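K.L.:
Laid out in structure tokens, this is it:
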């Protein structure tokens, strides 16, 4: 609350009013001063710090904010949350099931790609173990 000049509310005794940021649809990002106790009634003091935005800008900022929230919702669905409104549409069930099947096929292919070198590495490790054991047994036979 370090700003000059101080804005005092109409409470008794007057107190320094904090500066807030409005995120309403009509005043997005617009700063204002309000009574310290505004959340609990207070004295009703409100004064705008920033000039009013043209309707175009307030609508644009509101639309961008809505789009961010929509995209965050899609991101949460990708993580497995059940609150995604896009995937809940009944008309898209067939497309969604086809996409799931395609992703499962891709997952199986990737799994097979990973398993193939894993088998080769196991063979190399076993050969190395047999070789080392042969060296140890050979050295023990010499002594």
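Numbering (the UniProt record's numbering), first residue to last: 1 to 143.
Yeah, the Cβ is synthetic: ideal placement off N, Cα and C, and Gly gets one too.
Bear in mind that the values here come from a model prediction, so they are computed numbers and not experimental data.
Please report the residue range of the beta strand (DSSP E) in which residue 34 lies.
P.N.:
30-34
K.L.:
Could you spell out where the beta strand (DSSP E) holding residue 115 opens and where it closes?
P.N.:
Here residue 115 belongs to no beta strand (DSSP E); instead the alpha helix (DSSP H) covers 93-142.
K.L.:
Give the straight-line distance between the Cα atoms of residue 50 and residue 108, rounded to the nearest whole angstrom.
P.N.:
Spanning the two alpha carbons is a distance of roughly 57 Å.
K.L.:
Is it buried or exposed for residue 128, if we count other Cβ within 10 angstroms and need 16 for buried?
P.N.:
exposed
K.L.:
One question on the structure: do residue 204 and residue 47 come within less than 9 Å of each other, judged by their Cβ atoms?
P.N.:
The requested residue 204 does not occur in the structure, where the chain is confined to residues 1 to 143.
K.L.:
Mark residue 102 as exposed unless 16 or more other C-beta atoms lie within 10 angstroms of its C-beta, in which case mark it buried.
P.N.:
exposed
K.L.:
Determine the direct distance from the alpha carbon of residue 130 to that of residue 71, and round the result to whole angstroms.
P.N.:
56 Å
K.L.:
From residue 14 to residue 73, what does the alpha carbon distance come to, in whole angstroms?
P.N.:
44 Å
K.L.:
Could you name the residues of the same chain whose beta carbon sits closer than 6 Å to that of residue 132, not counting the 5 residues immediately before and after it, in chain order?
P.N.:
none
K.L.:
What residue does the beta strand (DSSP E) around residue 47 start on, and which one ends it?
P.N.:
46-48
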